[in-house]
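Listed in order, the protein sequences are those of chains A, B, C and D.
Quick note on this note's numbering: the first sequence kicks off at 268 and runs consecutively.
Quick note on this note's numbering: the second sequence kicks off at 9 and runs consecutively.
Quick note on this note's numbering: the third sequence kicks off at 768 and runs consecutively.
Quick note on this note's numbering: the fourth sequence kicks off at 25 and runs consecutively.
C-beta atoms are modelled at their ideal positions from N, C-alpha and C, and glycine is treated no differently.
A short write-up of the structure that comes next.
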Amino acid sequence: MTEIEFLNWVRGPGFQIAVVIFIAGIIIRFAEILLLGRKTNLAEAKGSEMSGGLRTIVTRSFPDRGTFQRSTFTIVAGYIFHIGLFVTIFLFAPHILMFKDVIGFSWPSLPTPVVDAVAVVTIIALLAVLAHRMSNTVLKFLTNTEDLLVWLVTILPLITGYIAFHRIGMTAPSLLAIHILSVELLLVILPFTKLMHAFTFVLSRWYNGAISGYRGVES
Amino acid sequence: MTNNKDKTLLDNSGVDKTGVDKTLGEVLRSQGVSRRSFLKFCAATASMMAMSPAMIPKIAHALESARRPSVIWLSFQECTGCTESLTRAHTATIESLIFDFISLDYHHTLQAAAGHAAEEAREAAMKENDGKYLLVVDGSIPMDNPGYSTIAGISNYDMLMETAKGAAAIIAVGTCATYGGIPHADPNPTGAVSVGDLIKDKPIINVPGCPPIPVVITGVLMHFLTFGTIPELDHIGRPKVFYGQSIHDRCYRRPFYDKGLFAETFDDEGAKKGWCLYKLGCKGPTTYNACATTKWNDGTSWPIEAGHPCLGCSEPDFWDGGGFYKSLSMPTENITQTAIYTVAGAAAAGVALGAMNKNKKSSAVAAHNKTTIDDLEK
Amino acid sequence: MSASLEKGINALKEQVDSTVASFFSSCVHCGICSEACLFYTETGCPTSTPIHKAEPLRRIWKSEYTLLGRVGKMFGLTAKVDEEMLTKWETRVYDNCTLCGRCSMVCPMGIDIALLIRKTREGMAAAGHAPEDLIGATKRAVTIGSPMGVKLPALLAQIKHVEKDTGLKIPLDVEGAEYMLLLSSMEIMNFPEFIGAIAKIFTKAGVSWTISSEAFEATNSGIQIGVADIAAELVQRIVDAAEKLKVKTVISPECGHAYMAIRWEGPNLVGKPFSFKVRHILEILDEFRKDGRLKITGKETQRLTYHDPCQISRRGGVIEQPRKLIDMFSDNFVEMPDHGKMNWCCGAGGGVSSNERADEVRLKVFQRKKDQLDEIKPDAIVSACSNCRIHLEDGLEEYNMDIPLLSLTETLAEHLAE
Amino acid sequence: MSNSTSVQFNIQVGDDLTHNVKPLLNEIKHGLDNLIETGRTTIIDLRSLPLAPGEEEKILNTLGQGEVQAQLNALGLSEVTETQYAGVWIVTHYNDEQHIISRFIEVTTMPEILCSQTEDVMEAYSRLTLDLADNP
């Protein structure tokens, strides 16, 4: 297989396979969760489930002061790499083109040197997150293989993307193909790991807010 | 010298045995070319070979003592675009000199001889210069059925293998000869393969492009003629001096890419302002060629300068990249249809799995034994 | 049928619903919940990380209700729940968690971890992995009617004392009363003044109320140990009594989990909505306040703070009321650094105080409350949960702190205008 | 299809494009310094640089015209001009069709190609000798 054949494969059949697994996985996971259903709450309501749920979806992005002070590193690093991932994934012009091709519409991009810098910061943040995970007592205790796999699968597209952008070590088609392949790996793995939180956080936050909201508590 | 270049080639297509043993220096001097003219020739050659001007004295020295080689040019499944390109090389005077210098013993498009005479010329050149002649090939070789392409009743494969046997080196010209090119494009009806696919025991220089830049062809020829060696090649057999950097890296529109300024259509403000053509499908980032510096048509311009995205023609399988106007980050195939089927299929699967979950839970609830205080201990 | 692993696993399977599935799907192992749990912050022990305590339930969800888990199970790759595991988890789930729900408030994914641990207890109990002391308390609750073994004669004796002290009649089994008061065993045995306070306030407010001789116990051991069947049985007793006496509102006393049990879990346990309302005593008092039925005289001058009982504030929704009530009799009120829905648990809820095995850790984690109190240095602590009150007194003694504990209801009664 | 209207192109020109103009002029300055210090010659092949449209002109305009302009007739036309900066020369080779085949900037006291070459001088000597012998 030549490198262009490789590139054409990842842009063609490889991408199709990844997207199929990605979409199917997410739908299946959501069906698995939602079709389980939950019982109607028979207790007399003190507040609204809906407003509580919607409220918590938003408010859980902002930790309370005490929690921020106690988990500063986790929260700051978490913010950095999440925003970094958002910027690199959604505001890099070539990526927007991909989205435009797949979903039919687009949005403005950031200048490439900005995205480039953000990518570096994000990679550093993810490395710091791993170092923290390996050194913090609780995190070390909680960490399992999946956590490490997910970390790897998340940082790979960033690293391969950075290398592909700067063309380090190999020729451009191979680098681009490796980058796309790493993204496909991420797409395939996402629905079946904790990366699914990218979607289910809406559900879990809503349920939390709804349970509390029903009792008249803002959670 | 104002005569047609093609004619120049034709004039020299016969076997001129008298010049074979002379060095280029001797040939030039006998033609009354001054040393100053020779220096100019060397300077132009250095520029053509993309070599540093500091190399000019070395080139001069090497060329003076270079001997006139025999060149056999074979054309297989091709469109003659490569030959067209070559004969339009803009360094006309210099070109003439080169073609004066080399003995182009066989080129069935350009040579005067035809039929048996032509084939005899090839065989004679092969015999006389066994192990020393240079073989140039354009076009791919069909492997599904030898009848797809024959010359004088000889299949392309047979002619290539026979001619390659005694060659000192092979220059594959054009993307068809180097990587299969358009004949090799999906679904490759003729089973086209490249020269490199068939020949493994000879040095091969790949000069891809559809067509290759004329001065790149002559530059590679000159390198071989000047130094008698093949230039440094990249991992897919291309001379690094010409194919060492991507179009994107040398593109004068690169700053627009970095600033995120793109032409969205061929006639928008961005296009008029000469912004980056990435979004219009430019393959510059994955294409290695010298267009950005060498340019085309006597150095007039090149595709991106003319406002058209790079097609990536010097890369293998450039024809199968999902469309010339589809940018590199886009998937090559239409994903919408797939996505719709997936959603439908997954929804069905999801409902089935959800039902299984519900079922499992119901049976757990059914299996529930009321726990009383007597059941709290084992 | 006695407890068994099989029963426990089945119970866990029963617990999984869309909330559980979405919660486990969202956990990213960020560890932030550990910092919200006093059993971690004060011990540094990572096994006390809240989400980790729900691991048995997570394993069942994963292996039974997810595609990948099921496939993994076929190849023996998905982690299993076995006796050994449950033995390990028993102390994590019962001794090192008060179901205070502070973790549920900080999880960036919005996982209601306390709910998951509450559900995990259902499986633990069914598998025979509940603490001995909790089993004992539960048995007493069912057979005697009170986890502390308080029987009706004991209540009647206390009522007699109270009637003598206050000169007020304590209405027993009065049909058609507006309010039916529940009491926790602790109130009956340790703080009978509470009954007197209620009598004073309700008499002044001019409302009719009663205590049922058939269902006076407010606490619910079934909730704490995690056996829904038993919890339902205990709730049903109250429902029956309330329906028999045709009361409009049942009042949950100064007890945290009792409020959770009757107000929020109760109707769901018995499987139908109540025909009466359930209110916490603080809610009732606040209604009286709003209606102008409470006439207060004199203000406390000492520096007061309020300890939010988890099940009443964070998990119950009664947060504003106590503050408004305290304002009536105090000009010198100060909040703890984290308060209201973010208050730190005293360390004794969720059955921990009934579990002697957990005494040591219970007092150790009190350090958290001590730190909170050290920051504001109050003269007295007001609370609205007898269990919190007893443990706070216990803890303050252990840490050589001399801060009196006050019941909100009792203090309010003391300030009633004659 | 509507008639195609003429499109007004507004290609941006300037050293903010490829950023090669400034460095090149600096390289020339460096070349002059070298020439003064060591007498060494610097030759820059303009065709080896990716230049945006207009940038070559910009370089040539900046260098300007000096005192010397020479034309050679050797395998087609060549132009050798000294720029306004003495020691900086532009050497342009044309082919028969007046197309530029290569263009160099040479930093030297005298471009090599302008000098009479030893071989040519020797050839000239023998030719003159022969001519004189033929026409005494």
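Open item on the list: Determine, for residue 913 of chain C, whether the minimum Cβ-Cβ distance to residues of chain B falls below 9 Å.
Closed with: Here residue 913 of chain C refers to the residue found at position 146 when the third sequence is read from its first residue. Cβ-Cβ to chain B under 9 Å: no for residue 913 of chain C.
Open item on the list: Tell me the DSSP secondary structure of residue 782 of chain C in three-state form.
Closed with: By one-based count along the third sequence, residue 782 of chain C stands at place 15. Helix, per DSSP.
TODO: For residue 237 of chain B, count neighbouring C-beta atoms within 10 Å of its own C-beta (all shown protein chains included) and say buried if the count is 16 or more, exposed if not.
DONE: Position 229 of the second sequence, counted from the start, is the residue given in the question as residue 237 of chain B. Counting C-beta atoms within 10 angstroms of its own C-beta, residue 237 of chain B has fewer than 16 neighbours from the protein chains shown and is therefore classed as exposed.
Open item on the list: Measuring alpha carbon to alpha carbon, tell me which residue in A:395, A:389, A:452, A:432 is nearest residue 417 of chain A.
Closed with: Along the first sequence, one-based indexing puts residue 417 of chain A at 150. It is A:452.
Task: Buried versus exposed call for residue 1074 of chain C [16 or more other C-beta atoms within 10 Å across all chains shown] - done: Locating residue 1074 of chain C in the third sequence gives position 307, counting from the first residue. With 16 or more other Cβ atoms within 10 Å, it is buried.
Open item on the list: For residue 294 of chain A, count the other beta carbons within 10 Å of its own beta carbon; 16 or more makes it buried, fewer makes it exposed. Which is it?
Closed with: For the purposes of this step, residue 294 of chain A is taken as residue 27 along the first sequence, with counting starting at 1. Classification of residue 294 of chain A: buried, given that the 10 Å Cβ count is 16 or more.
Task: Inside the segment 933-974 of chain C only - beta strand (DSSP E) runs reaching at least 3 residues - done: For the segment 933-974 of chain C, whole beta strand (DSSP E) runs of length 3 or above, ordered along the chain, are 946-948.
Open item on the list: With H, G and I counted as helix, E and B as strand and the rest as coil, what does DSSP make of residue 333 of chain B?
Closed with: Residue 333 of chain B sits at position 325 when you count from the first residue of the second sequence. Three-state result, residue 333 of chain B: coil.
Task: Nearest-angstrom Cα separation, counted from residue 297 of chain B out to residue 303 of chain B - done: In the second sequence, the residue the question calls residue 303 of chain B occupies position 295. In the second sequence, the residue the question calls residue 297 of chain B occupies position 289. Those two C-alpha atoms are separated by around 10 Å.
- [ ] Identify each residue in the segment 882-903 of chain C for which the Cβ-Cβ distance to at least one residue of chain B is less than 7 Å, and report them in chain order.
- [x] For the segment 882-903 of chain C, the residues whose beta carbon sits under 7 Å from a beta carbon of chain B are, in order, 892, 893, 895, 897, 902.
Task: Span of the alpha helix (DSSP H), counted from its first residue to its last, around residue 988 of chain C - done: To locate residue 988 of chain C, count along the third sequence from 1; it is residue 221. First-last of the alpha helix (DSSP H) with residue 988 of chain C: 988-992.
TODO: Note down, in chain order, every chain B residue with its Cβ under 9 Å from the Cβ of residue 986 of chain C.
DONE: Taking the first residue of the third sequence as 1, we reach residue 986 of chain C at position 219. Chain B residues near residue 986 of chain C: none, gap ~15 Å exceeds 9 Å.
Task: Interface partners of residue 878 of chain C on chain B, CB under 9 Å - done: Translated into the one-based positions of the third sequence, residue 878 of chain C becomes position 111. Neighbours of residue 878 of chain C across chain B, judged by C-beta separation under 9 Å, do not exist; the nearest C-beta is about 20 Å away.
Open item on the list: I want to verify the contact list: residues of chain C whose CB lies under 7 Å from the CB of residue 301 of chain A, in sequence order.
Closed with: For this step, residue 301 of chain A is matched to residue 34 along the first sequence. Ordered by position in chain C, the residues that pass the 7 Å Cβ test against residue 301 of chain A are 785.
Task: Residues of the segment 996-1008 of chain C whose Cβ lies closer than 7 Å to any Cβ of chain B, in chain order - done: When CB distances to chain B are screened at a threshold of 7 Å, the residues of the segment 996-1008 of chain C falling below it are 996, 997, in chain order.
Open item on the list: Below 8 Å on the Cβ atoms is my contact criterion, and I expect residue 944 of chain C with residue 976 of chain C to pass it. Report the Cβ-Cβ distance as a whole number of Å.
Closed with: Residue numbering aside, residue 944 of chain C sits at position 177 when the third sequence is read from its first letter. Residue numbering aside, residue 976 of chain C sits at position 209 when the third sequence is read from its first letter. Right, their Cβ atoms sit about 5 Å apart.
Task: Simplified DSSP assignment, three categories, for residue 28 of chain D - done: For the purposes of this step, residue 28 of chain D is taken as the residue at position 4 of the fourth sequence. Legend: pLDDT at residue 28 of chain D = 38, less than 50; position of this residue unreliable, no value from coordinates given.
TODO: Would you mind listing the alpha helix (DSSP H) stretches within the segment 68-102 of chain B that are 4+ residues and don't spill past its ends, in chain order?
DONE: 89-95, all fully within the segment 68-102 of chain B.
Task: First through last residue of the beta strand (DSSP E) which encompasses residue 863 of chain C - done: Residue 863 of chain C sits at position 96 when you count from the first residue of the third sequence. Here residue 863 of chain C belongs to no beta strand (DSSP E), and DSSP marks it neither H nor E.
- [ ] Tell me whether residue 114 of chain B is buried or exposed, calling it buried when 16 or more other Cβ atoms sit within 10 Å of its Cβ.
- [x] Your numbering for residue 114 of chain B matches position 106 in the second sequence. Around the beta carbon of residue 114 of chain B, 16 or more other beta carbons lie within 10 angstroms, which makes this residue buried.
Task: Simplified DSSP state of residue 1121 of chain C, which is helix, strand or coil - done: Numbered from its first residue, the third sequence carries residue 1121 of chain C at position 354. Three-state DSSP puts residue 1121 of chain C in coil, outside helix and strand.
Task: Enclosing beta strand (DSSP E) for residue 366 of chain A [first to last residue] - done: Numbered from its first residue, the first sequence carries residue 366 of chain A at position 99. Boundaries for residue 366 of chain A: no beta strand (DSSP E) harbours it, while the alpha helix (DSSP H) harbouring it runs 360-370, taken from the DSSP string.
Task: Cutoff 9 Å: residue 409 of chain A Cβ touching any chain B Cβ - done: Along the first sequence, one-based indexing puts residue 409 of chain A at 142. Among the CB atoms of chain B, none fall inside 9 Å of the CB of residue 409 of chain A.
Task: Option in C:1120, C:1119, C:1183, C:786 with minimal Cα separation from residue 877 of chain C - done: Here residue 877 of chain C refers to the residue found at position 110 of the third sequence. Of C:1120, C:1119, C:1183, C:786, the residue nearest in Cα terms is C:786.
TODO: Since I believe residue 260 of chain B is in contact with residue 284 of chain B (beta carbons under 8 Å), could you give me their beta-carbon distance rounded to a whole number of angstroms?
DONE: Counting from one through the second sequence, the residue named residue 284 of chain B turns up at place 276. Counting from one through the second sequence, the residue named residue 260 of chain B turns up at place 252. That pair is no contact at about 10 Å.
- [ ] Compute the distance between the beta-carbons of residue 792 of chain C and residue 474 of chain A, then report whether it is under 9 Å.
- [x] Translated into the one-based positions of the third sequence, residue 792 of chain C becomes position 25. Translated into the one-based positions of the first sequence, residue 474 of chain A becomes position 207. For residue 792 of chain C and residue 474 of chain A, no; Cβs fall outside 9 Å.
TODO: Starting from the Cα of residue 890 of chain C, find the closest Cα among C:996, C:1020, C:1065 and give me that residue.
DONE: By one-based count along the third sequence, residue 890 of chain C stands at place 123. Checking every option, the nearest Cα to that of residue 890 of chain C belongs to C:996.
TODO: Would you mind sorting residue 946 of chain C into buried or exposed? The rule is 16 or more other CB atoms within 10 Å of its CB.
DONE: Position 179 of the third sequence, counted from the first residue, corresponds to residue 946 of chain C. With 16 or more Cβ atoms within 10 Å of its Cβ, residue 946 of chain C is classed as buried.
Open item on the list: Run through chain D and tell me which residues come within less than 7 Å of residue 58 of chain B, C-beta to C-beta.
Closed with: For the purposes of this step, residue 58 of chain B is taken as residue 50 along the second sequence, with counting starting at 1. What residue 58 of chain B touches in chain D: 72.
- [ ] Spatial neighbours of residue 1154 of chain C within its chain, please: CB distance less than 7 Å, with the 5 preceding and 5 following residues excluded, ordered by chain position.
- [x] Start at 1 with the first residue of the third sequence, and residue 1154 of chain C comes out as number 387. The residues are 953, 1022, 1023, 1115, 1116, 1120.
Open item on the list: Starting from residue 214 of chain B, trace the alpha helix (DSSP H) in both directions and tell me its first and last residue.
Closed with: Position 206 of the second sequence, counted from the first residue, corresponds to residue 214 of chain B. It is not in any alpha helix (DSSP H) - residue 214 of chain B instead sits in the beta strand (DSSP E) that spans 212-215.
TODO: Output the boundary residues of the beta strand (DSSP E) element that contains residue 1166 of chain C.
DONE: By 1-based counting over the third sequence, the position of residue 1166 of chain C is 399. Premise fails: residue 1166 of chain C is in no beta strand (DSSP E) and is neither H nor E.
Open item on the list: Any beta carbon from chain B within less than 9 Å of residue 1122 of chain C's own beta carbon?
Closed with: Here the question's residue 1122 of chain C lines up with position 355 in the third sequence. Not one chain B Cβ lies under 9 Å of residue 1122 of chain C.
Open item on the list: Using beta carbons (cut-off 9 Å, strictly below), is residue 373 of chain B in contact with chain C?
Closed with: Translated into the one-based positions of the second sequence, residue 373 of chain B becomes position 365. Interface flag for residue 373 of chain B against chain C is set, since a Cβ pair is found closer than 9 Å.
TODO: Look at residue 1113 of chain C and residue 1145 of chain C and say whether their C-beta atoms are less than 9 Å apart.
DONE: Taking the third sequence and counting its residues from 1, the one referred to as residue 1113 of chain C is at position 346. Taking the third sequence and counting its residues from 1, the one referred to as residue 1145 of chain C is at position 378. Residue 1145 of chain C is positioned such that its CB atom lies no closer than 9 Å to that of residue 1113 of chain C.
TODO: Look up residue 74 of chain D in the DSSP assignment and say whether it is helix, strand or coil.
DONE: Translated into the one-based positions of the fourth sequence, residue 74 of chain D becomes position 50. Note: residue 74 of chain D maps to coil in three-state DSSP.
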